[in-house]
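To get the numbering used here, take the position in the sequence shown, counting from 1, and add 8. Built from N, CA and C at the ideal position, the CB exists for glycine as well. Just so we're clear, the structure is a prediction, and the values are computed from it rather than from any experiment. As structure tokens, the structure follows; a few thoughts come after it.
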Amino acid sequence: MDAPPVLIDTRTDLGTDYVAAMEIAGRYAYAGREWVVDRVARILGATLTDTVHNHHNFAWRERHDGDDFWVIRKGATPAFPGQRGFVGGSMGEISVVLEGQESPMSARSLYSTVHGAGRVMSRTEAAGRVKRRTQWTCRRRDCDGSLPIRTPKSSDGANPRCPTCGGKTQKHRTRAVVRAGKVDWPSVQAEVRARGVELRGAGADEAPEVYKRLPVVLAAHGDTIRVLHTLQPVGVAMAGIEEFDPYKD
């Protein structure tokens with residue numbers, strides 16, 4: 009990033025509030041993962057025998073070489089000796105459960121490791137550029153009437169009426185491809201399913217080809233980690249391209 013870092017003194021009210029909010033967000037993330045895993049276990053009729061949790065994009069207060077630091081692991085997770093972590097590959101390749109190891113390189117990296125394989129292609133490069141628009145559209149299938157989303161509702165709170173037929177309207181989100189991406193998403197879907205992976209949702213920006221090969225990435229970390237388990241994907245569930253996230257989109 010070209011922008012200079014923004015620093016907050018953790019001894020100030022703002023710094024204290026920031027740390028408190030971050031820690032709450034961390035607990036919320038743990039709770040969210042527990043909820044998702046519980047739901048998946050119910051769907052599969054499975055029983056949980058072991059769980060592995062780890063954060064990334066988080067800050068920890070730690071002591072290294074006799075000094076206290078705030079260690080910010082952007083795109084990384086803790087990997088202290090004996091600490092387990094999960095590292096994902098892609099929807100079509102392996103993931104692993106690993107364990108941190110003691111080594112000179114581990115100490116130099118502040119006992120950190122990757123949280124994923126890492127991208128070789130940006131989301132926009134992979135999926136293309138899409139323009140989304142929200143508008144009021146007529147609920148009648150044979151009418152193409154529409155209004156800008158800024159059109160106010162009526163005094164009783166009802167949606168505005170269709171300008172063409174006078175019928176009821178509803179919010180509708182459209183997406184138009186402004187620039188095509190490099191990934192052939194239908195071909196990727198077919199390939200992933202041919203491997204026996206149940207695919208729900210996702211999009212071109214998460215295709216296997218946009219990520220590095222996880223075995224190569226792990227090998228580059230040498231003796232800082234030890235792979236305990238190698239996992240093969242059997243199912244992938246992600247937000248689809250039609251999903252609208254107001255916090256992201």
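| Check | Outcome |
| --- | --- |
| Alpha-carbon spacing of Ile-249 relative to Glu-70, whole angstroms | 40 Å |
| CB of Arg-181 within 7 Å of CB of Thr-142, strictly | yes |
| Range of the contiguous beta strand (DSSP E) that encloses Pro-194 | Segment 193-202 is the alpha helix (DSSP H) holding Pro-194; no beta strand (DSSP E) there. |
| Cβ distance (whole Å) where Pro-101 is taken to contact Gly-90 below 8 Å | The amino acid at residue 101 is misidentified as Pro; the sequence shows Glu. Not really, about 27 Å apart at Cβ, beyond 8 Å. |
| Which of helix, strand or coil DSSP assigns to Thr-24 | helix |
| Range covered by the alpha helix (DSSP H) that runs through Val-224 | 222-228 |
| Close Cβ partners of Arg-131 (< 7 Å) along its chain, the five nearest in sequence each way excluded | Asp-213 |
| Contact check, Gly-265 vs Gly-189, beta carbons under 7 Å | Since the displayed the chain opens at 9 and closes at 257, residue 265 lies outside it and no answer follows. |
| Reference Glu-31; option with closest CA among Tyr-219, Val-186, His-64 and Ala-247 | His-64 |
| Tyr-119 in three-state terms, based on DSSP | coil |
| Limits of the unbroken beta strand (DSSP E) element including Arg-69 | 66-72 |
| Neighbourhood of Val-27 by C-beta distance below 7 Å, restricted to the same chain and skipping five residues each side | Thr-18 |
| Meets three-Cβ-pair contact criterion under 8 Å: the stretch 228-247 and the stretch 191-198 | no |
| Residue closest to Leu-226, alpha-carbon to alpha-carbon, out of Ala-84, Glu-206 and Thr-145 | Ala-84 |
| Alpha-carbon to alpha-carbon, Phe-94 and Lys-82 | 16 Å |
| Buried versus exposed, by CB contacts within 10 Å (16 or more), Leu-56 | exposed |
| Other residues of its chain near Pro-171: CB distance less than 7 Å, five sequence neighbours each side excluded | Gly-153 and Leu-155 |
| Asp-58 versus Val-244: straight-line alpha-carbon distance, rounded | 20 Å |
| For Thr-6, three-class secondary structure by DSSP | The question about residue 6 has no answer here: the residues shown for the chain are numbered 9 through 257. |
| Local conformation of Arg-187 per DSSP, three classes | strand |
| Residue(s) in a DSSP beta bridge with Leu-155 | Trp-144 |
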